[in-house]
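In the numbering used here, the protein residues as written are 54 to 137. Data block below; observations after.
Given below as structure tokens:
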């Protein structure tokens, strides 16, 4: 399942040793309140997503901010890019 893959990627890329995929709520915010990621984490995660899934992201785009809202949003964005 793609959402599981995204959770595993987040854990691997950001070296979150104390967290397992089941600890990450699919709909929880990735930044501030939810997982508590910051802009550096977003950059690292964005690079990893580009490498793994071949998608392009713009750091300043409102769409990119929306896609990084949650694991579900990231998975939906990856899925829509795969179909194009």
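All C-beta atoms in this analysis are idealised placements derived from N, C-alpha and C, irrespective of residue type, glycine included.
Could you tell me which residues DSSP pairs with residue 121 in its beta bridges? For residue 121, which the question treats as bridged, DSSP gives no partner whatsoever.
Where does residue 96 land, buried or exposed, given buried means 16+ other C-beta within 10 angstroms? Residue environment analysis places residue 96 among the exposed positions, since fewer than 16 neighbouring C-beta atoms fall within 10 angstroms of its C-beta.
For residue 119 and residue 129, which I take to be in contact (beta-carbon distance under 8 Å), what is that distance rounded to the nearest angstrom? Rounded to whole angstroms, the Cβ separation of residue 119 and residue 129 is 10 Å, and the two are not in contact under 8 Å.
Check for me: the alpha helix (DSSP H) holding residue 101 runs from which residue to which? Per DSSP, residue 101 is one residue of the alpha helix (DSSP H) stretching across 92–106.
Top-ranked residue by Cα proximity to residue 89, from 109, 101 and 63: Among 109, 101 and 63, the Cα nearest to that of residue 89 belongs to 63.
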